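Its first residue numbered 0, the sequence shown is counted upward by one per residue in numbering that gives the first Met the number 0.
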Amino acid sequence: MTQPITPLELFHAINAGQVVEILDVRNIDEFELSKVEAHRPVPTRNVPVYRVFEELEAEAQRTVEDAIVVCGQGNGSQLVAEEFEGLGRRARSLEGGTDAWNRLLVPFEIADLPGPVRVWQFLRPAKACLSYVVGVPGQRCIVVDPTRQPEAYLELAAEHDMTVAHVVDTHVHADHVSGGPALAAQLGVEYHLPPEDAGGVVPFPNRPLKDGDVLDLGDAEVRVLSMHLPGHTPGTIALLVSDSVLLVGDTVFVRGLGRPDLTGQAEELARDLFRSVHERLRPLPPQTLIAPAHWSSAEEVNPDGLVVTTLEDVFTATLLNERAMERFVEEIVTSLPAAPESYDVIRRVNAGQVAPPEDEIDVLDVGRNQCAASTSLL
Ligand SMILES: [Fe+2]
């Protein structure tokens with residue numbers, strides 16, 4: 000029987016250029032909402048499963064040998080792969096389907112940092128979201144911008160004998176449902192979210208971090224400093240680790256800027272963004288590593304798998320070299336793409352203002368993020 004491929008295997012196979020074709024047998028709406036993508040383009044066809052079975056032999060012929068078949072949960076795609084095999088066409092099904100793909104987190108360590116603190120960046124390919132574990136092996140760690148699948152963070156913490164001491168959301172996210180409050184509650188640790196992003200109050204235990212606050216990771220020498228950077232949202236905070244890595248949320252990306260319009264005050268926040276980057280980021284050492292919360296294109300991913308760049312590169316690669324504030328504001332505001340309709344609901348879920356049933360949250364939490372301002376700014 001044809002062996003399914005796991006989401007992690009598929010992620011690495013796509014990036015290694017080993018996937019020749021993806022046959023996605025979900026219905027067209029689901030396919031349009033969230034495709035299976037990683038860092039290399041793969042020819043992808045969408046043929047709903049009932050049509051595949053209507054024309055089984057012809058579809059087996061049309062499908063490239065060793066294609067990956069994808070459906071929602073991995074059952075229909077497995078049947079298709081087995082039928083194809085019976086017709087002499089080798090294909091493998093994605094185990095767990097796009098539901099499992101949507102949950103996949105892949106950790107990469109930001110290596111060679113000074114001091115004892117280590118930083119792991121977790122890529123979530125389905126959403127192009129990034130989250131982090133920052134900690135000292137044998138001591139404490141924090142989890143930053145977690146998704147709703149905390150297992151990967153907890154496994155890594157256990158592997159390095161670290162106790163999770165804090166859970167931080169750099170801002171109220173609009174593109175994905177945060178796992179922050181649930182993870183903090185599960186572990187009985189402090190949760191930190193800027194309440195300015197939620198109209199001033201949130202209905203769950205929260206200790207907002209203020210400029211200059213320190214999260215102690217267990218060694219007196221080791222500190223994580225927080226920094227208020229309004230722009231993408233009014234309350235965004237960034238975390239400066241060991242004076243060398245800045246977990247910057249969606250303020251800036253490797254190529255691009257966080258859009259300032261998702262809370263409905265685009266011009267005001269675009270001005271804040273301008274001030275944040277010029278008054279707070281620019282004075283930092285140019286070699287400071289910028290570790291964002293998203294990426295938009297494969298060009299932002301380094302050969303080692305990390306989505307990280309230097310502050311110096313951010314300034315040369317984005318509109319941030321525009322030094323006139325009003326020109327910056329006009330350019331960014333007039334070229335913003337429309338925000339997905341779901342973003343307002345996701346923001347209210349993350350601020351604790353609405354609590355839809357779990358299956359509705361699952362639906363909200365699919366599709367690649369659209370948190371960057373227009374790429375025409377690049
Ligand atoms: Fe965001």
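The beta carbon of each residue, even a glycine, is placed where N, CA and C say it ideally should be.
Bear in mind the structure is a predicted one, so any value in this text is a computation, not a measurement.
Would the beta-carbon of residue i fall within 9 Å of that of residue j?
| i | j | result |
| --- | --- | --- |
| Arg-279 | Val-171 | no |
| Arg-414 | Asp-65 | This structure does not reach residue 414, given that the chain is present from 0 up to 377, and the question cannot be answered. |
| Leu-256 | Leu-246 | no |
| Gln-72 | Gly-96 | yes |
| Gly-134 | His-159 | yes |
| Gly-217 | Ala-164 | yes |
| Pro-136 | Val-166 | no |
| Thr-169 | Gln-77 | no |
| Arg-457 | Cys-370 | What is shown of the chain runs 0 to 377, which leaves residue 457 out entirely. |
| Val-306 | Leu-122 | yes |
| Ser-130 | Leu-104 | yes |
| His-231 | Leu-192 | no |
| Leu-447 | Leu-7 | Since the first and last residues shown for the chain are 0 and 377, residue 447 lies out of range. |
| Ser-225 | Arg-254 | no |
| His-293 | Cys-140 | no |
| Val-24 | Ile-67 | no |
| Asp-271 | Pro-233 | yes |
| Leu-112 | Ser-243 | yes |
| Trp-100 | Val-35 | yes |
| Asp-322 | His-277 | Just to set this straight, residue 322 is Arg in the shown sequence, not Asp. Contact: yes. |
Measure the C-alpha to C-alpha separation of residue i and residue j and round it to an integer number of angstroms.
| i | j | result |
| --- | --- | --- |
| Leu-363 | Glu-311 | 36 Å |
| Thr-250 | Ala-59 | 47 Å |
| Ile-4 | Val-48 | 19 Å |
| Val-41 | Ala-350 | 37 Å |
| Val-63 | Arg-44 | 11 Å |
| Ala-197 | Ile-289 | 26 Å |
| Asp-212 | Phe-203 | 21 Å |
| Glu-298 | Ile-13 | 15 Å |
| Ile-236 | Ala-80 | 47 Å |
| Asp-260 | Arg-102 | 27 Å |
| Val-328 | Pro-339 | 22 Å |
| Asp-98 | Ala-37 | 16 Å |
| Val-69 | Glu-53 | 17 Å |
| Ala-265 | Pro-229 | 12 Å |
| Thr-374 | Glu-84 | Residue placement at Thr-374 is poorly supported in this model, since its pLDDT is 48, which falls under 50; the coordinates still yield a value, given next. Taking the straight line joining both Cα atoms gives about 43 Å. |
| Val-344 | Ala-57 | 43 Å |
| Leu-93 | Leu-9 | 8 Å |
| Pro-282 | Val-132 | 26 Å |
| Ala-354 | Val-201 | 13 Å |
| Ala-316 | Thr-308 | 10 Å |
| Gln-352 | Tyr-342 | 14 Å |
| Glu-150 | Met-324 | 43 Å |
| His-227 | Leu-186 | 26 Å |
| Met-161 | Pro-180 | 20 Å |
| Ala-372 | Ile-331 | 7 Å |
| Leu-376 | Glu-82 | Confidence is the limiting factor: at Leu-376 the pLDDT is only 45, short of 50, which leaves the residue's position unreliable, though a coordinate-based value still follows. When rounded, the distance between both Cα atoms is 48 Å. |
| Glu-359 | Glu-29 | 14 Å |
| Ala-15 | Arg-91 | 17 Å |
| Ala-184 | Gly-75 | 37 Å |
| Thr-287 | Arg-61 | 50 Å |
| Gly-304 | Ala-157 | 23 Å |
| Leu-208 | His-11 | 37 Å |
| Val-223 | Asp-210 | 11 Å |
| Glu-20 | Asp-361 | 27 Å |
| Glu-195 | Asn-205 | 12 Å |
Give me the DSSP bridge partner(s) of residue i.
| i | result |
| --- | --- |
| Asn-45 | Asp-23 |
| Leu-129 | Leu-122 |
| Ser-92 | Val-68 |
| Glu-371 | Position check: residue 371 holds Ala in this sequence, whereas Glu was assumed. Beta-bridge pairing links Ala-371 to Gly-257. |
| Leu-239 | Leu-224 and Leu-245 |
| Phe-252 | Gly-255 |
| Phe-107 | Gln-120 |
| Ile-289 | Leu-245 and Thr-308 |
| His-165 | Ile-141 and Glu-189 |
How should residue i be labelled, buried or exposed, when 16 other C-beta atoms within 10 angstroms of its C-beta is the threshold for buried?
| i | result |
| --- | --- |
| Thr-333 | exposed |
| Asn-368 | buried |
| Pro-336 | exposed |
| Ile-109 | buried |
| Asp-215 | exposed |
| Ile-27 | exposed |
| Pro-356 | exposed |
| Lys-126 | buried |
| Glu-173 | The sequence shown places Ala at residue 173, not Glu. So Ala-173 ends up on the buried side. |
| Gly-248 | buried |
I think residue i touches residue j, with their Cβ atoms under 8 Å apart; what is that distance to the nearest whole Å?
| i | j | result |
| --- | --- | --- |
| Phe-252 | Pro-285 | Their Cβ separation, rounded to whole angstroms, is 17 Å, which puts Phe-252 and Pro-285 out of contact at 8 Å. |
| Leu-182 | Val-142 | 6 Å |
| Pro-124 | Leu-155 | That belief does not hold up - the Cβ atoms of Pro-124 and Leu-155 are roughly 17 Å apart, past 8 Å. |
| Val-176 | Arg-147 | 6 Å |
| Val-221 | Val-116 | 5 Å |
| Val-118 | Val-240 | 6 Å |
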